[in-house]
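Below is one structure; the comments refer to it alone.
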């Protein structure tokens, strides 16, 4: 199943698409939150265009495992996406992902 990854930010939101085996994710696009278009609608359109079976929202959890304000906003945004698309939303702990990518 193909998944759409969502890297939520207050100014920009990154999108990535997985392969069918859910092993690799490839950058898709970066959305800018400029108020001209609802990013939830754009993401819903991308999900339909790509025929994804679910969404993965990155969670910026702090090193102690606590959800701070940014993680709470990401969780709320994921809930909006799930309600709009009807797709399952999975939350992914982003701790140390920058280190893993290097």
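Residue numbers (my numbering): 4 to 105. A virtual CB, placed ideally from N, CA and C, is assigned to each residue, including glycine.
ask   = If you scan the region 43-94 from start to end, which runs of the beta strand (DSSP E) of 3 or more residues do you find wholly inside it?
value = Counting only runs of 3 or more, we get 57-62.
query = In terms of residue numbering, what span does the beta strand (DSSP E) encompassing residue 35 cover?
reply = Its beta strand (DSSP E) spans residues 28-35.
key: Spatial distance of residue 10 from residue 36 (CA atoms)   = If you take the alpha carbons of residue 10 and residue 36, they lie about 13 Å apart.
key: Whole-angstrom distance between residue 58 and residue 87, CA atom to CA atom   = Using only the alpha carbons, I get a separation of about 12 Å.
query = Going by beta carbon distance, what residues of the same chain come within less than 7 Å of residue 27, once the five residues before and after it are set aside?
reply = Here the set comprises 21.
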